[in-house]
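*Asks:* Adding 5 to a residue's 1-based position in the sequence shown gives its number in the numbering used here.
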Amino acid sequence: MVERNGGGTRAVVLAAVRLFTEAGYDATTMAGIAEATGVSRRSLFRRFGSKEDVLFAEHDELFETVVRYMEASPESPTDSVLTAARLVFQGYVRDPEITVPRYRLVRAHPRLRDREVAMTARYQAAFSRHLAEATGGGRPSLEVEVVAAAVIAAHNHVLRGWLRDPDDGQVWRRFDEAMERVRALAAPLFGEPGEGASGRDRIVVAVYPGDTDPAELARRVTEAVQERR
């Protein structure tokens, strides 16, 4: 589980998702969201900008956290990216009240699907960039791009299954198995230990405020990982 400050953001997103679901995405206005949350319309526009920005606000924050983690991570390049993918996955499964109806909204509206595709591409680019920098390269190599794409594909494969069945009690087992397959793929490319070499359960518990210093964030996640060894 990941806990963060920023309940205000969640309250706005949750209210917006409920309005989108009950009244329809197109019929819901920023003024309606402002009224439902008790925030002035001017403040809402200044903070979020648009309905799409409201809907994806928490994942914009999560992306920044993931990038900060990778920048400060003491782990191997592959482990850093796999832990980052876990943080992203946690961001979805920890809050099904928002994630599941948002998934349905995205499927129903091409414009929202475009936003989600762009968000996925942003994560893949961040993973590629980190792997390239951490392995001493400049532009991402083919191997780097393959591993980054595999992380995204594995993450999304497990996530789609969970979104169809949020009560699935085996989702973390499947996630870990998927990431171990990616690790096995990456090992010969980067000269790192392969599948099963870590010998540890990779369940991470991280508690962090939104303004946590990157080094402190990395320390907390690393300690959580080491506790499982």
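All C-beta atoms, glycine included, are put in the ideal place defined by N, C-alpha and C. From a predicted model like this one, the values you see are computed outputs, not experimental measurements.
Within the continuous alpha helix (DSSP H) that includes PHE61, where are the two ends?
*Replies:* Within the sequence shown, residue 61 is the residue found at index 56, counting from 1. It is not in any alpha helix (DSSP H) - PHE61 carries neither H nor E in the DSSP assignment.
*Asks:* Using the Cα positions of ARG23 and VAL93, report the straight-line distance between them to the nearest angstrom.
*Replies:* By 1-based counting over the sequence shown, the position of residue 23 is 18. By 1-based counting over the sequence shown, the position of residue 93 is 88. Cα-Cα distance, rounded: 23 Å.
*Asks:* Cβ atoms of ALA159 and MET124: under 9 Å apart, would you say?
*Replies:* Indexing the sequence shown from 1 puts residue 124 at position 119. Indexing the sequence shown from 1 puts residue 159 at position 154. No, the Cβ-Cβ distance between MET124 and ALA159 is not below 9 Å.
*Asks:* Mind checking VAL122: buried by the 16 CB within 10 Å criterion, or exposed?
*Replies:* One-based indexing of the sequence shown puts residue 122 at position 117. So VAL122 ends up on the exposed side.
*Asks:* Assign THR125 to one of three DSSP states: helix, strand, or coil.
*Replies:* Here residue 125 corresponds to residue number 120 of the sequence shown, with the count starting at 1. Helix at THR125.
*Asks:* Hey, would you say LYS56 sits closer than 9 Å to ALA28, going by beta carbons?
*Replies:* Counting from 1 along the sequence shown, the entry for residue 56 is found at position 51. Counting from 1 along the sequence shown, the entry for residue 28 is found at position 23. Not in contact: LYS56 and ALA28 (Cβ atoms no closer than 9 Å).
*Asks:* Going by DSSP in three states, GLY12 sits in which element: helix, strand or coil?
*Replies:* Stepping through the sequence shown from its first residue, residue 12 is reached at position 7. Model confidence at GLY12 stands at a pLDDT of 40, short of 50, so the residue's coordinates are unreliable; what they give is reported in the following sentence. GLY12 falls in the helix class under three-state DSSP.
*Asks:* DSSP state of ALA21, grouped into three classes?
*Replies:* On the sequence shown, position 16 is the one that residue 21 refers to. Three-state result, ALA21: helix.
*Asks:* Could you tell me which of PHE195, LEU164, PHE50, LEU190 sits nearest to ARG178, measuring between CA atoms?
*Replies:* Locating residue 178 in the sequence shown gives position 173, where the first residue counts as 1. Taking only the C-alpha atoms, the option nearest ARG178 is LEU164.
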